[in-house]
């Protein structure tokens with residue numbers, strides 16, 4: 007099978023490329039390398055450096071004739087989306103529409119769309135399941151929810167099977183520590199360099215974290231199966247999360263122990279868009295895919311810390 011991965015030089019995409027290659031598939035990565043790294047693309051995968059909004063993108067996809075497309079290319083900074091909502095919409099909504107159109111014209115058997123748990127309303131009852139009330143606040147999450155609807159539109163009106171995964175906070179090796187998201191990667195880099203660590207607010211905000219290898223197992227598994235039949239966009243969505251919440255203070259304490267960091271954190275003003283608590287219900291993933299998280303929290307932190315000790319210089 008030929009599999010195309012947009013954003014395949016990035017954090018999650020490069021791990022996915024490795025996994026589907028190991029399953030014996032032919033892999034094509036399309037990435038503009040704005041945040042992805044050429045060295046993260048596994049040997050054996052073909053890399054085309056372009057943006058999914060480039061004029062040449064659709065023809066490139068049609069020429070490659072992929073059987074399955076994973077769409078991970080995105081602008082993922084919540085803060086950047088708040089500063090410039092139009093640019094975020096151009097990257098995420100226009101980009102997704104380009105990928106959907108190219109996938110349909112290439113005759114692929116389906117598209118896997120990557121979304122976010124931040125599409126759910128902050129005050130919805132926890133844990134959030136796929137039908138929980140939606141109420142995205144940040145432009146990034148608003149765009150991602152719109153993309154879910156566009157994917158459903160293509161499934162209904164263009165007969166292109168689509169499946170959306172809503173991810174909790176993914177962490178692990180190769181996560182970019184230089185942005186404003188990814189607290190584990192950010193803290194690890196700062197601690198290993200002996201820099202000051204800042205915690206926004208009181209640090210008691212707690213989120214659902216999932217190790218990247220667990221996410222990739224779920225994503226790769228759908229390459230082997232037909233997509234589930236669905237009548238609504240919510241029925242085309244699958245949560246991926248651990249079902250456990252860990253606070254920022256807890257993360258700071260545990261990473262401090264792993265790295266030997268001796269300084270105290272500086273508490274700064276809270277961020278307005280920060281959710282106080284977030285936990286996902288991944289029962290649908292268990293029923294549909296036979297999936298459940300396998301990497302324990304402590305093991306995931308240890309593996310991530312070890313990677314940053316050895317390879318963190320990839321980000322400068």
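In my numbering, the protein residues as written are 7 to 322. We put the CB at the ideal spot given by N, CA and C, even for glycine.
> Hey, how far is the Cα of residue 210 from the Cα of residue 219?
Replying inline: Taking the chain shown and counting its residues from 1, one reaches residue 210 at position 204. Taking the chain shown and counting its residues from 1, one reaches residue 219 at position 213. The straight-line gap separating the alpha-carbon atoms of residue 210 and residue 219 is approximately 26 Å.
> Which stretch, first to last residue, makes up the beta strand (DSSP E) that contains residue 146?
Replying inline: Here the question's residue 146 lines up with position 140 in the chain shown. Per DSSP, residue 146 belongs to no beta strand (DSSP E); it is in the alpha helix (DSSP H), 145–163.
> Does the count of Cβ pairs from the region 94–107 and the region 148–155 closer than 8 Å reach three?
Replying inline: Under the Cβ criterion (8 Å, minimum of three pairs), the region 94–107 counts as touching the region 148–155.
> Going by the beta-carbon positions, is the gap between residue 37 and residue 15 smaller than 7 Å?
Replying inline: Residue mapping note: residue 37 aligns to position 31 of the chain shown, counting from 1. Residue mapping note: residue 15 aligns to position 9 of the chain shown, counting from 1. Taking 7 Å as the Cβ cut-off, residue 37 and residue 15 qualify as a contacting pair.
>> Quick test of your reading: residue 120 and residue 189, contact by CB under 8 Å. State the CB separation rounded to the nearest angstrom.
In response: Translated into positions along the chain shown, residue 120 becomes position 114. Translated into positions along the chain shown, residue 189 becomes position 183. Between the beta-carbon of residue 120 and that of residue 189 there is about 20 Å, and that puts the pair past the 8 Å contact cut.
> Does the Cβ-Cβ distance between residue 91 and residue 145 come in under 7 Å?
Replying inline: Here residue 91 refers to the residue found at position 85 of the chain shown. Here residue 145 refers to the residue found at position 139 of the chain shown. Contact flag set, yes.
> Thinking C-beta only, is residue 229 closer than 7 Å to residue 74?
Replying inline: In the chain shown, counting from the first residue as 1, residue 74 sits at position 68. In the chain shown, counting from the first residue as 1, residue 229 sits at position 223. Yes; because the gap between Cβ atoms is below 7 Å, this pair is in contact.
>> For the structure I just gave you, are there three or more beta carbon pairs, one from the region 228–246 and one from the region 37–48, closer than 8 Å?
In response: With a cut-off of 8 Å, the region 37–48 and the region 228–246 do not count as touching, because too few Cβ pairs lie within range.
> Given residue 323, which residues of its chain have a CB within under 6 Å of its CB, disregarding the five upstream and five downstream residues?
Replying inline: The requested residue 323 is not part of the displayed model; the chain covers only 7 to 322.
> Would you report the Cα separation of residue 126 and residue 50, rounded to the nearest angstrom?
Replying inline: The residue you call residue 126 lines up with position 120 of the chain shown. The residue you call residue 50 lines up with position 44 of the chain shown. If I take the Cα positions, the gap works out to 38 Å.
> Taking just the CA atoms, how far does residue 273 sit from residue 215?
Replying inline: Within the chain shown, numbered from 1, the residue matching residue 215 stands at position 209. Within the chain shown, numbered from 1, the residue matching residue 273 stands at position 267. Using only the alpha carbons, I get a separation of about 22 Å.
> Would you call residue 195 buried or exposed, if buried means 16 or more other Cβ atoms sit within 10 Å of its Cβ?
Replying inline: Position 189 of the chain shown, counted from the start, is the residue given in the question as residue 195. Classification of residue 195: buried, given that the 10 Å Cβ count is 16 or more.
>> Using CA atoms only, rank isn't needed, just tell me which of 291, 17 and 131 is closest to residue 78.
In response: On the chain shown, residue 78 is found 72 positions in, with the first residue counted as 1. Of 291, 17 and 131, the residue nearest in Cα terms is 17.
> Under a Cβ-count criterion, where at least 16 other Cβ atoms within 10 Å of its own Cβ denotes burial, should residue 164 be classed as buried or exposed?
Replying inline: As a first step, residue 164 is located in the chain shown; it is residue number 158 there, counting from the start. Flag for residue 164 reads exposed.
> Where do the ends of the beta strand (DSSP E) carrying residue 241 lie?
Replying inline: For the purposes of this step, residue 241 is identified with residue 235 of the chain shown, where counting begins at 1. Counting along the chain, residue 241 falls outside any beta strand (DSSP E), and DSSP gives it neither H nor E.
>> For residue 247, count the other beta carbons within 10 Å of its own beta carbon; 16 or more makes it buried, fewer makes it exposed. Which is it?
In response: In the chain shown, residue 247 corresponds to position 241, counting from 1. Its Cβ being crowded by 16 or more others within 10 Å, residue 247 is buried.
> Around the C-beta of residue 337, are 16 or more other C-beta atoms found within 10 angstroms, so that it is buried, or is it exposed?
Replying inline: Nothing about residue 337 can be read from this structure; the chain reaches only from 7 to 322.
>> Going by DSSP in three states, residue 65 sits in which element: helix, strand or coil?
In response: Taking the first residue of the chain shown as 1, we reach residue 65 at position 59. The three-state reading of DSSP puts residue 65 in helix, counting H, G and I together.
>> Quick check: what's the CA-CA separation for residue 57 versus residue 317?
In response: Your numbering for residue 57 matches position 51 in the chain shown. Your numbering for residue 317 matches position 311 in the chain shown. Taking the straight line joining both Cα atoms gives about 26 Å.
> How about the region 129–143 and the region 275–294: do they share at least three Cβ pairs that are nearer than 8 Å?
Replying inline: Touching, yes.
> Per DSSP, which one or two residues make a beta bridge with residue 121?
Replying inline: Walking along the chain shown from the start, residue 121 turns up at place 115. In the DSSP output, where bridge partners are listed per residue, residue 121 has 172.
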